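Residue numbers (the numbering used here), protein chains in the order written: chain G, 1 to 108; chain D, 1001 to 1114.
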């Protein structure tokens, strides 16, 4: 079974800073997802990746299949980016294995 | 608007009193699943369904039941809830099975079992 590790667990930063959240997994996969969960809210899918890099607004997600590692970057961070960010990985017919999440706080 | 709708959003109840959490999606997705989220643990899959009348256990199915009589609905049933089922529950859907599918989640249901 895949093991998915995220770092850091908690991150507090100032508005405008460049943010990086990391995700490592133990077994080869066919897709990796980045999800966002706001306090008291639902879960929103940000990216689904199988290779390379994707960008949406100020968010960038990259994946290195050989190193079994993915990163989520936030440029020009804003307090509204404060949320829990979750990565989830899976391969073949398996379901997704989820990381424990990174709790991000952006202070004004 | 494409969405996954869960009800109720919050529920406090007592041990042993049967309850159902409903989940409905309007995207004609074949695959639906239920997860629970607990502090310090990642999302864990309870049950999933690949299509109407096809359901299977996930990683933590004990104490739960599901049904899939219609494509859009996938209720989660707790026949005799216990305090260890106090958790935040999410329903999710995707067009098909497998990790290469875009995932759509509901807003969550916070259950407290006293």
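By construction, the Cβ of each residue, glycine as well, lies at the ideal position given by its N, Cα and C atoms. Bear in mind the structure is a predicted one, so any value in this text is a computation, not a measurement.
* **Distance, residue 1046(D) Cα to residue 98(G) Cα** => If you number the first chain from 1, residue 98(G) lands on position 98. If you number the second chain from 1, residue 1046(D) lands on position 46. Looking at the two C-alpha atoms, the distance is approximately 13 Å.
* Asked: Thinking C-alpha only, which one of 1007(D), 1106(D), 1089(D) is nearest residue 1041(D)?
  -> Residue numbering aside, residue 1041(D) sits at position 41 when the second chain is read from its first letter. Ranking 1007(D), 1106(D), 1089(D) by Cα distance to residue 1041(D) puts 1089(D) first.
* Measuring alpha carbon to alpha carbon, tell me which of 1061(D), 1093(D), 1081(D) ends up nearest residue 1020(D). => As a first step, residue 1020(D) must be located in the second chain, where it is residue number 20. Put simply, of 1061(D), 1093(D), 1081(D) the residue whose alpha carbon is nearest the alpha carbon of residue 1020(D) is 1081(D).
* Could one say the Cβ of residue 1029(D) lies closer than 9 Å to chain G's Cβ atoms, at least one of them? -> Locating residue 1029(D) in the second chain gives position 29, where the first residue counts as 1. Judged by the 9 Å Cβ criterion, residue 1029(D) is not in contact with chain G.
* Buried versus exposed call for residue 1074(D) [16 or more other C-beta atoms within 10 Å across all chains shown] -> Start at 1 with the first residue of the second chain, and residue 1074(D) comes out as number 74. Buried, by the Cβ-count rule.
* In this structure, what does DSSP give as the bridge partners for residue 103(G)? -> Here the question's residue 103(G) lines up with position 103 in the first chain. DSSP, once it has assigned bridges, lists 10(G), 84(G) as partnering residue 103(G).
* **chain G contact for residue 1026(D) (CB, 9 Å cutoff)** => Numbered from 1 along the second chain, position 26 holds the residue referred to as residue 1026(D). No, residue 1026(D) does not count as interfacial toward chain G.
* **Integer-rounded CB distance, given that residue 35(G) should sit under 8 Å from residue 89(G)** => Taking the first residue of the first chain as position 1, residue 89(G) is located at position 89. Taking the first residue of the first chain as position 1, residue 35(G) is located at position 35. Actually they do not touch by this definition, with Cβ atoms about 12 Å apart.
* Name, please, each residue of chain D whose Cβ falls closer than 8 Å to the Cβ of residue 99(G). => To locate residue 99(G), count along the first chain from 1; it is residue 99. Result: 1042.
* If you follow the beta strand (DSSP E) that residue 54(G) is part of, which residue opens it and which one closes it? -> Stepping through the first chain from its first residue, residue 54(G) is reached at position 54. Residues 52-56.
* Asked: According to DSSP, is residue 36(G) helix, strand or coil?
  -> As a working note, residue 36(G) is residue 36 in the first chain. Of the three classes helix, strand and coil, the one that applies to residue 36(G) here is strand, per DSSP.
* Asked: Taking the Cβ atom as the reference point for each residue, do residue 86(G) and residue 68(G) lie within a distance shorter than 9 Å?
  -> Counting from 1 along the first chain, the entry for residue 86(G) is found at position 86. Counting from 1 along the first chain, the entry for residue 68(G) is found at position 68. Not in contact: residue 86(G) and residue 68(G) (Cβ atoms no closer than 9 Å).
* Would you mind sorting residue 1114(D) into buried or exposed? The rule is 16 or more other CB atoms within 10 Å of its CB. => Here residue 1114(D) corresponds to residue number 114 of the second chain, with the count starting at 1. Exposed.
* Measuring CB to CB, does residue 20(G) end up less than 9 Å from residue 73(G)? -> Here residue 20(G) is taken as the residue at index 20 of the first chain, counted from 1. Here residue 73(G) is taken as the residue at index 73 of the first chain, counted from 1. Yes, they are a contact pair.
* Asked: Is it true that the CB of residue 37(G) sits closer than 9 Å to the CB of residue 84(G)?
  -> Numbered from 1 along the first chain, position 84 holds the residue referred to as residue 84(G). Numbered from 1 along the first chain, position 37 holds the residue referred to as residue 37(G). For residue 84(G) and residue 37(G), yes; Cβs fall inside 9 Å.
* Asked: Of all the options 1085(D), 1103(D), 1064(D), 1026(D), which has the alpha carbon lying nearest to the alpha carbon of residue 1001(D)?
  -> Within the second chain, residue 1001(D) is the residue found at index 1, counting from 1. Taking only the C-alpha atoms, the option nearest residue 1001(D) is 1026(D).
* To do: Spell out whether any CB of chain D is found under 9 Å from the CB atom of residue 45(G).
  => Position 45 of the first chain holds residue 45(G). Closer than 9 Å: yes.
* Asked: Hey, is residue 1048(D)'s beta-carbon within less than 9 Å of any beta-carbon in chain G?
  -> For the purposes of this step, residue 1048(D) is identified with residue 48 of the second chain, where counting begins at 1. Residue 1048(D) counts as touching chain G.
* C-alpha gap between residue 103(G) and residue 42(G), whole angstroms -> Along the first chain, one-based indexing puts residue 103(G) at 103. Along the first chain, one-based indexing puts residue 42(G) at 42. So the alpha carbons of these two residues sit roughly 15 Å apart.
* Check residue 1006(D) in the structure and name its three-state DSSP category. => Taking the first residue of the second chain as 1, we reach residue 1006(D) at position 6. The answer is strand: DSSP assigns residue 1006(D) an E or B state.
* With distances taken from CA atoms, which of 77(G), 44(G), 25(G), 45(G) is nearest residue 64(G)? -> One-based indexing of the first chain puts residue 64(G) at position 64. Comparing Cα positions, the closest option is 25(G).
* **residue 1033(D) at chain G interface by Cβ criterion, 9 Å** => Locating residue 1033(D) in the second chain gives position 33, counting from the first residue. Residue 1033(D) counts as touching chain G.
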